[in-house]
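Shown next, in structure tokens, is the structure this report addresses.
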Amino acid sequence: MSAQIVPLKSRKPPRRSMPVRRPNAELRTREYLTPAEVAKLMKVAGKRSRYGQRDACLILLAYRHGLRVSELVALRWDQVDLKAGLLHVRRAKNGVPSTHPMQGDELRALRQLAREWPDHGGFVFVSERGGPMSADGVRKMVTRTGVEAALRFPVHPHMLRHACGFKLANDGHDTRALQLWLGHRNIQHTVRYTELSPARFKGFWRN
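Under my numbering, the first residue of the sequence shown carries the number 5, and numbering increases by one thereafter.
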């Protein structure tokens with residue numbers, strides 16, 4: 005009995021396996037940046053082309069207010085009160101909205117951004133095409149800046165949110181207040197910052 009010949013059109017192409025993403029622990033030893041590393045990112049970003057001031061401002065706000073990428077690209081000027089020095093934070097992922105005070109360096113950076121990037125649909129962080137920056141564009145910018153800053157591990161934008169949490173926890177701020185600052189509905193998402201804070205061990209091994 006002769007073997008059945010399968011027509012070429014009906015032959016299925018070989019399956020290609022999708023690349024497996026390496027665990028974060030294999031890419032970096034921690035998932036947050038120190039204040040010195042954030043400052044270095046901002047310094048390097050600020051020197052890059054005509055978009056430098058915008059990128060440095062974006063990194064600063066992400067760090068100070070623990071903003072996610074989706075919150076950064078959706079940030080609008082009607083959330084910014086430059087006269088009162090307030091930022092009205094709308095949280096993604098069903099987070100709790102809040103109003104944050106801003107520091108002088110943030111206000112100066114935002115005023116300069118408003119002068120250099122005329123209003124395009126009301127968005128704070130605008131691309132060269134005039135629309136809001138994309139989430140992918142922010143990720144690429146932060147990763148590229150991390151490489152140029154010679155940080156010892158790959159950097160992604162969410163590390164700025166973690167950096168905010170750890171910095172405030174290290175400063176000894178109350179866990180409940182930190183929860184509200186970051187917009188967590190569940191305080192268990194906030195506890196990880198206080199658990200890893202060295203401030204809780206202050207006074208150990210002292211006579």
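Note that CB positions come from ideal geometry on N, CA and C, so glycine has one too.
**OP:** Helix, strand or coil for Asp59, going by three-state DSSP, please let me know.
**Re:** Within the sequence shown, residue 59 is the residue found at index 55, counting from 1. DSSP places Asp59 in helix when its eight states are reduced to three.
**OP:** Indicate the three-state DSSP secondary structure (helix, strand or coil) for Val146 in the structure shown.
**Re:** Taking the sequence shown and counting its residues from 1, one reaches residue 146 at position 142. It is helical.
Original post:
How long is the line joining the alpha carbons of Lys51 and Gln57, rounded to whole angstroms?
Top reply: Indexing the sequence shown from 1 puts residue 51 at position 47. Indexing the sequence shown from 1 puts residue 57 at position 53. Lys51 and Gln57: Cα-Cα distance of roughly 8 angstroms.
**OP:** Check each candidate in Arg115, His69, Val73 and Leu76 and name the one with the smallest Cα separation from His104.
**Re:** Residue numbering aside, residue 104 sits at position 100 when the sequence shown is read from its first letter. Comparing Cα-Cα distances from His104 to each of Arg115, His69, Val73 and Leu76, the minimum goes to His69.
Original post:
Which residue from Ser74, His188, Lys47 and Arg119 puts its Cα closest to that of Gly141?
Top reply: Counted from its first residue, the sequence shown places residue 141 at position 137. Nearest to Gly141 by C-alpha distance, out of Ser74, His188, Lys47 and Arg119, is Ser74.
Original post:
If you draw a straight line from the C-alpha of Pro202 to the C-alpha of Asn174, how long is it?
Top reply: Here the question's residue 202 lines up with position 198 in the sequence shown. Here the question's residue 174 lines up with position 170 in the sequence shown. Across the structure, Pro202 and Asn174 are spaced so that their CA atoms are roughly 7 angstroms apart.
Subject >> Given Gly89 as reference, the closest of Trp121, Asp109, Leu79 and His160 once Cα atoms are compared >> reply: Here residue 89 corresponds to residue number 85 of the sequence shown, with the count starting at 1. The candidate whose alpha carbon is nearest that of Gly89 is Asp109.
Original post:
Can you tell me the Cα-Cα spacing of Ala40 and Asp82, whole angstroms?
Top reply: The residue given as residue 40 occupies position 36 in the sequence shown. The residue given as residue 82 occupies position 78 in the sequence shown. Rounded to the nearest whole angstrom, the CA to CA distance from Ala40 to Asp82 is 31 angstroms.
Original post:
Taking 7 angstroms as the line, does the beta carbon of Arg180 fall inside it for any heavy atom of the ligand HEM?
Top reply: Inclusion of the ligand HEM in the displayed structure is not the case, the ligand content being empty and no account of it being possible.
Original post:
Measuring CA to CA, which of Met145, Ala167 and Leu155 is closest to Ser53?
Top reply: To locate residue 53, count along the sequence shown from 1; it is residue 49. Considering only alpha carbons, the answer is Met145.
Original post:
Since Leu76 and Gly150 are thought to touch, with beta carbons under 8 angstroms apart, how far apart are those beta carbons, to the nearest angstrom?
Top reply: Here residue 76 is taken as the residue at index 72 of the sequence shown, counted from 1. Here residue 150 is taken as the residue at index 146 of the sequence shown, counted from 1. Rounded, the Cβ-Cβ distance is 16 angstroms, inconsistent with contact.
Subject >> Those runs of the alpha helix (DSSP H) which lie wholly inside the segment 34-82 and span at least 4 residues >> reply: 39-50, 56-69 and 73-77
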